[in-house]
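Protein chains: 4
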Amino acid sequence: MIINLDMQSDIPIYTQLMNQIIEGIAHGDLQPGEALPSVRGLASDIGVNLHTVNKAYTMLKQEGFIQIHRQKGVVIQPDGMPEITPEYELKQYNQLKPIIAEAICRGMSEEQMLDITEQIYREISTPRKENDQ
Amino acid sequence: MIINLDMQSDIPIYTQLMNQIIEGIAHGDLQPGEALPSVRGLASDIGVNLHTVNKAYTMLKQEGFIQIHRQKGVVIQPDGMPEITPEYELKQYNQLKPIIAEAICRGMSEEQMLDITEQIYREISTPRKENDQ
Amino acid sequence: MIINLDMQSDIPIYTQLMNQIIEGIAHGDLQPGEALPSVRGLASDIGVNLHTVNKAYTMLKQEGFIQIHRQKGVVIQPDGMPEITPEYELKQYNQLKPIIAEAICRGMSEEQMLDITEQIYREISTPRKENDQ
Amino acid sequence: MIINLDMQSDIPIYTQLMNQIIEGIAHGDLQPGEALPSVRGLASDIGVNLHTVNKAYTMLKQEGFIQIHRQKGVVIQPDGMPEITPEYELKQYNQLKPIIAEAICRGMSEEQMLDITEQIYREISTPRKENDQ
DNA sequence: GTGGTCTAGACCACT
DNA sequence: GTGGTCTAGACCACA
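Protein chains in written order, with full-length UniProt numbering: chain B, 1 to 133; chain F, 1 to 133; chain Y, 1 to 133; chain U, 1 to 133.
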């Protein structure tokens, strides 16, 4: 699992970390039950502050994507990923709305918009071959 | 044009303002060439500081959605909206990726994802009825 | 003499007006002694406020490019253009410095910089009328 | 790097700041990757409000001359300065045109004009001596 | 009356 | 301690 951070981005590093881990899960790089690096290990690996990694892990735990055990460390949620709740649907709606609105302003057709969405969906969800790693 | 701000949101007010104006344009509430309220007028209307409105207007101007005339005020870009540039496509990709990744994690099917996108696209792009004005 | 104003520019309209008149003189469109439109006439021609034209004329007069007579109206300075004073040289230096500094930052060679300057000089100074200079 | 502001000038302080930083880069005083003072530090050093410095930094960032790292501070763009784009060329043309037009009006010869340009170019681009640091 | 600029001072998010 | 955001209030240039 390769973490790719942009220190110049206006997106907080802990958010970038969360996104990359979620993408790793979606893509199949990170399997349920699989162990994640320790806070200290990951922090030194990617060269960021302990607190930053900790914040990302804590928020992922709150949302149910990972479990944090005192002894065993951090693992991808083995007991099923978070569900599609009404709260989540609302959050997703509010995230998508401004993106789609800008696309419409710029003249993007519904077909183009759906194509891009489909393309990204497939790009993420295509699992790696098992011998990839 | 009704502006609806959430002062408790972690999204900056000026960003919410930008999004609402872009959505207004996409939806047809704000027509190219149409005048927007003055910085001070809008600020007092929605109960925020004039600098906050100013920042939103300035950024919208930089992105090409509006024009700011010397002393004449602010108008929706009459000379054509911003285009779909490679930079925009990249930005949009980076915005959509984490949203779709989370959706996949939560078990949303490609079909569901496309349905939601299509639904939002149509909701926004549906122009207001002509007798609305 | 065609006046071409950009109402969206961040350059004040009176400054644009001044620049265009100075360019007109440099180019030979406006000959020394030649009459300029009245404040009212020009203002209505180009669709700007009386005060704006007045300010441009007043500043051009202060710098010695035009004369304003109560009865005869406005004429291009017939008694010789302003000189190259030390004050002017300093002003010009301060105007050019940031432009050239940015050019250097962007990797423009000295030769390119001089080429552009020469090209603009010739473009402006090419007189329309044969008896010019 | 010495910042020299004219509080009486009609040029906005943030613009003067931008110009001085760009000149510092062009002159080699500020090397790519080099750190700039923090917003608050510079503001108190030069006796202006932090928002004024912030505006200058933000605009320099937008134009690509500097990078603003999350919490690490501000550095001169290490990944290559902005290019000479068509937009930049047009901007430069529009900046130079009125300056050269006035020079022509005042009787400055093409040779003089080019000499001054060359002189400023060399003055700025002359790198500081290597033992300066 | 419009936007542009500047100040002073505050709170927050991030690392 | 860093930049990001917001507020309150002021003065100026422009038209």
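Glycine residues also receive a C-beta, built at the ideal position from the N, C-alpha and C atoms.
(message) Give me, in chain order, the residues of the same chain whose beta-carbon lies closer than 7 Å to that of Y/M18; leave out the 5 immediate sequence neighbours on both sides.
(response) A56, M59 and L60
(request) Identify, in the order they occur along the chain, each residue of the same chain with its Cβ nearer than 7 Å to the Cβ of F/L39, setting aside the five sequence neighbours on each side. (result) What sits at residue 39 of chain F in the sequence shown is Val, not Leu. Closer than 7 Å at the Cβ level, and outside the excluded window around F/V39, lie L50, V53, N54 and Y57.
(message) Do B/G41 and B/I76 have their beta-carbon atoms positioned less than 8 Å apart in this structure?
(response) no
(request) Give the DSSP bridge partners of B/Q67, in chain order. (result) B/V75
(message) So with CB distances below 9 Å, who are the chain U contacts of Y/T58?
(response) Ordered by position in chain U, no residue passes the 9 Å Cβ test against Y/T58, which lies about 16 Å from the chain.
(message) Which residue wins for smallest C-alpha separation from Y/I99, given the options U/A101, U/I104, U/R106 and U/E89?
(response) U/E89
(request) Going by CA-CA distance only, name the one from U/E63, U/I2 and U/I116 that's closest to Y/I91. (result) Strictly speaking, residue 91 of chain Y in this sequence is Lys, with Ile absent from that position. Looking at the Cα atoms, U/I116 is the closest of the given residues.
(message) Can you list, in chain order, the residues of its chain with a C-beta nearer than 8 Å to that of F/Y14? Leave out the 5 residues immediately preceding and following it.
(response) T52, V53, K55, A56 and M59
(request) Note down, one range per segment and in chain order, each alpha helix (DSSP H) of at least 4 residues found wholly within the region 39-64 of chain Y. (result) 39-46 and 50-63
(message) Could you tell me the alpha carbon to alpha carbon distance between U/Q8 and U/V48, rounded to whole angstroms?
(response) 13 Å
(message) What I want to know is whether the C-beta of B/Q92 ends up closer than 7 Å to one or more non-hydrogen atoms of the ligand GDP.
(response) Here there are no bound small molecules, and the ligand GDP is not part of this structure.
(request) Could you tell me which residues DSSP puts in a beta bridge with Y/L36? (result) Y/V74
(message) Counting only C-beta atoms, is F/P98 closer than 8 Å to chain B at any point?
(response) yes
(request) Specify, as a first and last residue, the run of the alpha helix (DSSP H) that U/M113 falls within. (result) E110 to S125
(request) Under 8 Å Cβ to Cβ from B/I3, same chain only, skipping five residues before and after it: list those, please. (result) L17, Q20, L42, D45 and I46
(message) Please list, in chain order, the chain U residues whose beta carbon lies closer than 7 Å to that of B/Q8.
(response) Q67 and H69
(request) Reducing DSSP to helix, strand and coil, say where Y/Y99 ends up. (result) Looking at the sequence provided, one finds Ile at residue 99 of chain Y rather than Tyr. In the structure shown, Y/I99 sits in a helix (DSSP, three-state: H, G or I).
(request) Give me the Cβ distance between F/F65 and F/I25, rounded to the nearest whole Å; I'm assuming they're in contact under 8 Å. (result) 7 Å
(message) Let's see if you can read the secondary structure: which residues bound the alpha helix (DSSP H) around B/V24?
(response) Looking at the sequence shown, residue 24 of chain B is not Val but Gly. Start and end: I13 to H27.
(message) Using 8 Å for Cβ pairs, my map puts U/E63 next to U/P82. What's the rounded Cβ distance?
(response) 6 Å
(request) Specify the secondary structure class of Y/N94 as computed by DSSP and reduced to three states. (result) helix
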